[in-house]
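Just so we're on the same page, the numbering used here is the position in the sequence shown counted from 1, plus 1. We put the CB at the ideal spot given by N, CA and C, even for glycine. Here is the structure we will look at, set down as structure tokens.
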Amino acid sequence: KAVDRYLAAQPRLSTVGIAREVLPRMDRRMILHAGPPIDWARMCGPMRGAIVGAILYEGWADSPQRAQALAAGGEIAFEPCHHHAAVGPMAGIISPSMPVWVVTNPAHGNSAYSNLNEGLGKVLRFGANSAEVLTRLKWMEKTLAPTLRAGLEALGEIDLKPLMAQALHMGDEVHNRNAAASSLLIKKLVPALLKSGAPAGDVAQVIEFIAGNDHFFLNISMAACKAMLDAAHGVAGSSLVTVMARNGVEFGIRVSGLGDRWFTTPAPVVEGLYFPGYTTRDAAPDLGDSAITETAGVGGFAMAAAPAIVKFVGGSAQDAIANTLAMTHITFRRNPAFTLPALDFAGTPAGIDARRVVDSGILPVINTGVAHREPGVGQIGAGVTRAPLACFTQAVAALATALQG
């Protein structure tokens with residue numbers, strides 16, 4: 002039943018909202034973060050830097066030092082994005098004033114949310130919090146968000162599964178390669194933006210911003226995957242994995258039949274291709290909610306669609322195909338909506354079964370960017386990692402106990 006619900010979901014890009022107005026249970030003095038629950042004292046460098054930036058952005062403090070004191074003082078609630086039907090890449094920070102994508106799933110009546118992608122370089126999600134970063138975030142709130150909202154009102158909702166499926170046929174895997182999906186999105190948006198009545202100068206800025214960022218679609222892909230998997234969550238007895246997420250300290254999963262429980266273990270450091278001058282010694286452990294894409298059967302599970310990604314994450318084109326094929330041994334089905342030309346249009350591996358992971362020892366593959374362990378340095382590489390077995394062992398034991406009870 003859980004897998005059927007996941008496969009039947011129909012995520013649609015609906016609008017852009019403000020977090021405090023649209024996210025369920027979002028408090029005015031709350032900041033959401035990637036991964037399983039964690040408190041300020043245990044957070045990694047990039048997440049701390051991003052939270053300081055969010056506090057400055059909200060105007061709750063007027064200096065990084067005061068922002069750190071506020072974060073440490075217990076006056077601000079920190080909760081996982083996943084507790085609010087949301088996801089965010091890397092540090093995953095969503096604060097009350099930030100704009101968020103709203104993805105609806107009319108097939109099951111649920112919605113999911115994600116922040117908007119800032120681009121590359123010095124950005125909040127890697128822990129940067131300079132004046133340049135804050136200025137960009139304010140522009141995203143005051144110009145980008147309302148302009149996109151106007152464009153979507155003129156266009157109507159965008160069905161995301163067909164767009165993602167087309168991107169898979171054009172060389173994306175909609176996690177670390179979104180060049181095609183971002184292009185398909187802008188192709189739909191530009192005529193609507195021009196007809197929307199939004200100020201011409203704002204429209205020009207927005208088009209230029211999206212066109213300059215091949216990763217722009219990533220956050221939409223994540224919210225679409227979250228909407229599909231949330232539809233499958235809460236089915237008694239189901240061993241379907243509905244969340245894989247990392248906070249730079251711990252890697253955590255949630256399972257459909259085990260409610261809101263997290264099963265966590267230390268997050269691994271990613272082996273991969275590092276930028277010149279950097280090694281694993283400089284890296285933060287694995288970070289971000291973007292593994293929701295692999296949980297939904299794309300990203301690393303669909304690497305057969307994206308042979309060019311090996312230039313970014315390492316390995317060979319044959320490795321990319323082998324990774325996809327290996328994932329068929331730990332999933333319930335193949336997804337007929339997401340097909341892979343390199344595999345004669347077979348569907349992507351769909352629905353991670355925690356029991357099969359434990360029984361086979363085959364670990365879910367994740368391709369991911371790597372953040373520097375210090376806040377604000379930014380991305381220092383990318384690679385392919387595996388979800389740790391311990392999470393799945395814990396979850397299967399808990400499921401066995403629940404079923405016996």
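Exercise for review: Go to M31, then tell me how far its beta strand (DSSP E) extends in each direction, as first and last residue.
Suggested key: 31-34
Review point. What does E251 pair with, by DSSP beta-bridge criteria?
Key: P267
Practice item. Could you have a look at M245 and say whether DSSP puts it in helix, strand or coil? Key: strand
Check your understanding: Between the C-alpha atoms of Q405 and T243, what's the straight-line distance to the nearest angstrom?
Key -> 22 Å
Point to revise | Per DSSP, cross-strand counterpart(s) of S112 | key: T105
Check your understanding: Going by other Cβ atoms of all chains shown within 10 Å of its Cβ, with 16 needed for buried, is K2 buried or exposed?
Key -> exposed
Exercise for review: Check the DSSP bridge columns for Y279 and list the partner residues they point to.
Suggested key: Per DSSP, none; premise fails for Y279.
Practice item. Identify every run of the beta strand (DSSP E) within the stretch 272-351, keeping only runs that are complete inside it and at least 3 residues long; order them along the chain. Key: 273-275, 332-341
Practice item. Using 10 angstroms around the beta-carbon of E86, count the other beta-carbons present and answer buried if the total reaches 16, otherwise exposed. Key: In the sequence as presented, Glu is not what sits at residue 86; that position holds Ala. Buried, since its Cβ has 16 or more Cβ neighbours within 10 Å.
Practice item. Check whether the Cβ atoms of V175 and G300 sit closer than 8 Å, and answer yes or no. Key: yes
Review point. From what residue to what residue does the beta strand (DSSP E) around N368 run?
Key: 366-372
Practice item. Decide yes or no for the touch test of the stretch 75-94 against the stretch 222-229: beta carbon pairs closer than 8 Å, at least 3 of them. Key: yes
Review point. Hey, is the stretch 245-263 in contact with the stretch 273-284, meaning 3+ C-beta pairs nearer than 8 Å?
Key: no
Practice item. Please state if the CB of L138 and the CB of Y7 are separated by a distance shorter than 8 Å. Key: no
Review point. What is the rounded straight-line gap between the Cα of H234 and the Cα of Q319?
Key: 34 Å
Practice item. Could you say which of Q11, G289, G362 lies nearest to V271 if we only look at CA atoms? Key: G289
Check your understanding: What do you get for D173, buried or exposed, if any count of 16 or more other CB atoms within 10 angstroms of its CB means buried?
Key -> buried
**Study point:** For L259, three-class secondary structure by DSSP
**Key:** helix
Check your understanding: Can you tell which of I381, L164, G93 has its C-alpha closest to the C-alpha of S183?
Key -> L164
**Study point:** Given R126 as reference, the closest of I52, A70, K189 once Cα atoms are compared
**Key:** I52
Point to revise | First through last residue of the beta strand (DSSP E) which encompasses E80 | key: 78-81
Exercise for review: Classify F346 as buried or exposed, calling it buried when 16 or more other Cβ atoms lie within 10 Å of its own Cβ.
Suggested key: exposed
Practice item. Output the distance between the C-alpha atoms of N214 and G384, rounded to the nearest integer angstrom. Key: 20 Å
Review point. Is it buried or exposed for G152, if we count other Cβ within 10 angstroms and need 16 for buried?
Key: buried
Point to revise | Extent of the continuous alpha helix (DSSP H) to which R49 belongs | key: 46-59
Point to revise | CB contact flag (G352, F333, <8 Å) | key: yes
Review point. Which of the three DSSP states, helix, strand or coil, is assigned to G18?
Key: strand
Exercise for review: Sort A268, A108, A398, L149 by Cα distance to W102 and report the nearest one.
Suggested key: L149
Exercise for review: Assign A62 to one of three DSSP states: helix, strand, or coil.
Suggested key: coil
Check your understanding: Going straight from the alpha carbon of P97 to that of A113, what length do you get?
Key -> 16 Å
Check your understanding: By the 10 Å Cβ neighbour count, where 16 or more other Cβ atoms means buried, how is G36 classified, buried or exposed?
Key -> buried
Review point. Considering only residues of the same chain and omitting the five flanking positions on each side of L135, which have a CB-CB separation below 8 Å?
Key: G54, L57, Y58
Exercise for review: May I have the straight-line CA-CA distance separating M229 from F313, to the nearest angstrom?
Suggested key: 27 Å
**Study point:** Where the beta strand (DSSP E) through R387 begins and ends
**Key:** 380-387
Check your understanding: Mind pulling the alpha helix (DSSP H) runs of 4 or more residues that sit fully within the stretch 172-201?
Key -> 180-196
Check your understanding: Going by beta carbon distance, what residues of the same chain come within less than 7 Å of G348, once the five residues before and after it are set aside?
Key -> R335, N336, P337, F339, T340
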